[in-house]
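Have a look at the structure below before the remarks.
Here you go:
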């Protein structure tokens, strides 16, 4: 069983690598199962044991790339302790991998990437500071990260200001939470529940 699992994971890795190489050369809709199976040195029947079709593999590829990026982040503590520094590192990461992001974007895969990216960061934040793994806390993480990253396509020619604005916005959200609820808004659901409670009708 262990050998079977090892073979399965190895084939999975070969397929993801073959897909990544193919995506650098041609558009997603031009990639075929036949060509990928040949590149991964498997037959088509084996491909279909792993994925329904090319688009299923494409989604898995976007998720895998996002999870690799998050696993390599050694600055997540700054999310809580120094939001401006976190924003600087995050923007730097995306700039360093701009071509990868453009490749995913033009093939309609950025949505899958960002979804997995946000989920993976939230999971790591949960490990670092016991951020509750609930819907409200996940929403806050998504809101913060999406806000920072949404600045890049439009204002990517002025990264200094992007980092300043993103960091200031994150810090402001955190300070608001501390002032009104005595806890980090970035870091847990208690402030978020308090916000929700304040919004309820008397």
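Residue numbers (the UniProt record's numbering): 1 to 202.
From the three backbone atoms N, C-alpha and C, an ideal C-beta is built for every residue, glycine too.
Same chain, Cβ closer than 7 Å to residue i, neighbours up to 5 away in sequence not counted
i           : result
residue 169 : 147
residue 90  : 148
residue 109 : 58, 62
residue 94  : 101, 149, 152
Which of helix, strand or coil DSSP assigns to residue i
i           : result
residue 22  : helix
residue 176 : helix
residue 147 : helix
residue 137 : helix
residue 130 : coil
residue 108 : coil
residue 32  : coil
residue 154 : helix
Rounded Cβ spacing between residue i and residue j (contact assumed at less than 8 Å)
i           : j           : result
residue 167 : residue 106 : Contact doesn't hold; Cβ gap of about 29 Å is too wide.
residue 66  : residue 27  : Actually they are not in contact, since the Cβ atoms of residue 66 and residue 27 sit about 21 Å apart, beyond 8 Å.
Close beta carbons around residue i, own chain, < 6 Å, minus the five adjacent residues each side
i           : result
residue 198 : Because the pLDDT at residue 198 is just 38, under 50, the model does not fix this residue reliably, and the point stays unresolved.
residue 20  : none
residue 165 : none
Proximal residues to residue i (C-beta, below 8 Å), its chain only, five neighbours per side dropped
i           : result
residue 37  : 43, 44, 46, 47
residue 100 : 65
C-beta atoms of residue i and residue j nearer than 9 Å
i          : j          : result
residue 39 : residue 11 : no
Contact test: residue i Cβ vs the ligand SAM heavy atom, cutoff 8 Å
i           : result
residue 114 : Annotation note on the ligand SAM: not contained in the displayed structure, which lists no ligands.
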